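Protein chains in written order, with our numbering: chain E, 179 to 530; chain V, 760 to 1004.
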């Protein structure tokens, strides 16, 4: 069980998202940076789709009332466990009645706190994700508040092994106990240089009045302060103008769809987007670059680069192989050897 | 009738059946979605109809691992081939007459003062009396074109010629739950309180969305809806003791 002493700026229970209900107008929601989320779950031995806390900008102060393993992945955030700083991107042992305090993000904007056993909330429409705008799912359909009590789910066998091994001395010991290894940290957007986000052209790309300067790729776009879980509003030096023969009908959209309203300032639709949209879709951010875009805080400059759909899918396949390697590495380290089979004994490259 | 199939990024494919909403396209979309839900592929996530097209969301990694790696084609091409088969199937004669469940739902609406904030203003714009608006609105049977914008929010069409007008230039910051609106060639119902740009002419006590039941939305694409007027007293009685519409 976890007690929320202070909720932070915006802390939400999320999992991979709510699929199967968009035809009823229910947004997918779920995590914005799915890579950091998945790694965090792997590091604590959770199933791939366990619920976590998505932390924005400045994190919560939590009283963790049972022994567990946690991992914090995503934006660079200072995390203090019982007055000692603990590292990100690795499993950390938490003794019962600890206080965990997560500070401001130094770089990036979203971090994911996974707890062994997963955060347990009533499953609504097959998911633990929160859609705050509609008050659906997660913890009472809203962001966490002081005094909230979060339940932790049952441990997987792997989580139990990590917990046992951490206590047996497999972890670095000092004031805090954490693994002496960590996974490779992905790049985060920074203020002083442009972040390249790869896209595929949208169906309505041709209706746009683009030239060398006023184009999708020829200019940088700044993320505006209004950016939120529904969409990231952008502003370029030149607005993207277009002409429609007749008004657009409502069309399907997805996370990463770049819509352009009449004012010419593009909006990239994010996790809490509505299920359909009525503005021209100039391009689509490729799935593998959504975590990087999600981490772009207001003021960050984005440059778009067009790639092919084949390349976009190949990148996803490669990324999945990388995750398999990390998962196997964790299993090799902590599962008792009699529980491993021959297949799992091969390679664990990206563990440092 | 052919269908255009194109990608919406790397994890979604759109099947587009036409350019304008019409009953035949709606039938194609509904049957396509039903067939796909009955015969999904490994990697299929969901199918979401919109006015003239349907989105098919998929996981390219799962499609690759389950199917396309064997055929040495990329996940997108594999999904397109699979869906083309369905497009052909729904057009074959034996499937055209296949029964699929749509329903007629009669929805009570209170059009009295205090229930439709824009009724008077709308009557001035389109030069119909409020009673004429109510008559024109409640006398026809509408089809649900799409559910979107909010959970359970239906786009119903199409309204009588005389009732067509653009959305409000200044949207309202707060429209009460159950409000019935008109804009362009559609009429709608707000399932919950929300900002809104539609012209509100009345309010229904019926609940359009309940996250705890399956399916959670009262209406689905292809269903038919007819509104009928009720008094303020009947509205309040319904709220006290909800009935099934």
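Each residue gets a CB set at the ideal place from its N, CA and C atoms; glycine is no exception. Since the model is a prediction, treat every value here as computed from it, not as a measurement.
Between which two residues does the alpha helix (DSSP H) carrying residue i extend?
i             : result
residue 881/V : 878 to 885
residue 893/V : 889 to 897
residue 284/E : Unbroken run through residue 284/E is the beta strand (DSSP E), 276 to 293; no alpha helix (DSSP H).
residue 507/E : 487 to 512
residue 215/E : 212 to 221
residue 339/E : 335 to 343
residue 834/V : 834 to 850
residue 993/V : 991 to 999
residue 471/E : 468 to 472
Are the beta-carbon atoms of residue i and residue j separated by less than 7 Å?
i             : j             : result
residue 876/V : residue 959/V : yes
residue 208/E : residue 195/E : yes
residue 814/V : residue 764/V : no
residue 801/V : residue 825/V : yes
residue 951/V : residue 494/E : no
residue 411/E : residue 405/E : yes
residue 866/V : residue 963/V : yes
residue 427/E : residue 810/V : yes
residue 564/E : residue 356/E : With chain E represented from 179 up to 530, any question about residue 564/E goes unanswered, as that position is not in the structure.
residue 944/V : residue 918/V : yes
residue 792/V : residue 808/V : yes
residue 271/E : residue 349/E : yes
residue 137/E : residue 367/E : Nothing about residue 137/E can be read from this structure; chain E reaches only from 179 to 530.
residue 463/E : residue 377/E : yes
residue 905/V : residue 980/V : yes
residue 505/E : residue 466/E : no
residue 401/E : residue 321/E : no
residue 227/E : residue 275/E : no
For residue i, count neighbouring Cβ atoms within 10 angstroms of its own Cβ and tell me buried if that reaches 16, exposed if not.
i              : result
residue 457/E  : buried
residue 896/V  : buried
residue 716/V  : Nothing in the structure corresponds to residue 716/V, since chain V is present only between 760 and 1004.
residue 323/E  : exposed
residue 370/E  : exposed
residue 379/E  : buried
residue 1000/V : exposed
residue 833/V  : buried
residue 998/V  : exposed
residue 971/V  : exposed
residue 932/V  : exposed
residue 990/V  : exposed
residue 523/E  : A caution first: residue 523/E carries a pLDDT of 44, below 50, which makes its placement in the model unreliable, though a value can still be read off. Per the 10 Å Cβ criterion, exposed.
residue 805/V  : buried
residue 372/E  : exposed
residue 873/V  : exposed
residue 888/V  : exposed
residue 421/E  : exposed
Contact defined as beta carbons within less than 8 Å: I believe residue i pairs with residue j. What is the distance between those atoms, to the nearest angstrom?
i             : j              : result
residue 340/E : residue 222/E  : 7 Å
residue 978/V : residue 903/V  : 5 Å
residue 252/E : residue 289/E  : 4 Å
residue 232/E : residue 330/E  : The Cβ separation is near 17 Å, so there is no contact.
residue 884/V : residue 870/V  : Contact doesn't hold; Cβ gap of about 17 Å is too wide.
residue 417/E : residue 441/E  : 7 Å
residue 283/E : residue 230/E  : That belief does not hold up - the Cβ atoms of residue 283/E and residue 230/E are roughly 16 Å apart, past 8 Å.
residue 864/V : residue 1004/V : 5 Å
residue 334/E : residue 217/E  : Rounded, the Cβ-Cβ distance is 16 Å, inconsistent with contact.
Where does the unbroken beta strand (DSSP E) through residue i begin, and where does it stop?
i             : result
residue 772/V : 771 to 775
residue 938/V : 938 to 942
residue 443/E : No beta strand (DSSP E) holds residue 443/E; DSSP gives it neither H nor E.
residue 822/V : Careful: residue 822/V lies outside any beta strand (DSSP E), inside the alpha helix (DSSP H) at 819 to 822.
residue 974/V : It is not in any beta strand (DSSP E) - residue 974/V carries neither H nor E in the DSSP assignment.
residue 915/V : 913 to 916
residue 783/V : Residue 783/V -> not in any beta strand (DSSP E); alpha helix (DSSP H) instead, spanning 782 to 797.
residue 183/E : 180 to 184
residue 482/E : 479 to 484
residue 253/E : 246 to 259
residue 869/V : 863 to 869
residue 242/E : 239 to 242
residue 195/E : Segment: none, residue 195/E is in no beta strand (DSSP E) and carries neither H nor E.
residue 966/V : Taken as a continuous stretch (DSSP letters only), residue 966/V belongs to no beta strand (DSSP E), as it is neither H nor E.
residue 803/V : 803 to 808
residue 764/V : 763 to 766
Please determine if the segment 418 to 436 of chain E and the segment 444 to 460 of chain E are in contact, where contact requires at least 3 C-beta pairs separated by less than 8 Å. Touching, per the Cβ criterion.
Contact between the segment 911 to 921 of chain V and the segment 965 to 982 of chain V (3+ Cβ pairs under 8 Å): yes
Taking contact to mean at least 3 C-beta pairs separated by less than 8 Å, is the segment 838 to 852 of chain V in contact with the segment 233 to 243 of chain E? No, the segment 838 to 852 of chain V is not in contact with the segment 233 to 243 of chain E.
Are the segment 471 to 490 of chain E and the segment 395 to 402 of chain E touching, with three or more C-beta to C-beta distances below 8 Å? yes
Inspect the CB distances between the segment 255 to 275 of chain E and the segment 305 to 314 of chain E and report whether three or more fall short of 8 Å. Output reads no: the segment 305 to 314 of chain E does not touch the segment 255 to 275 of chain E.
Interface positions of the segment 186 to 204 of chain E facing chain A (Cβ-Cβ less than 8 Å), listed along the chain: Within the model displayed, chain A is absent; protein chains E and V are what it includes.
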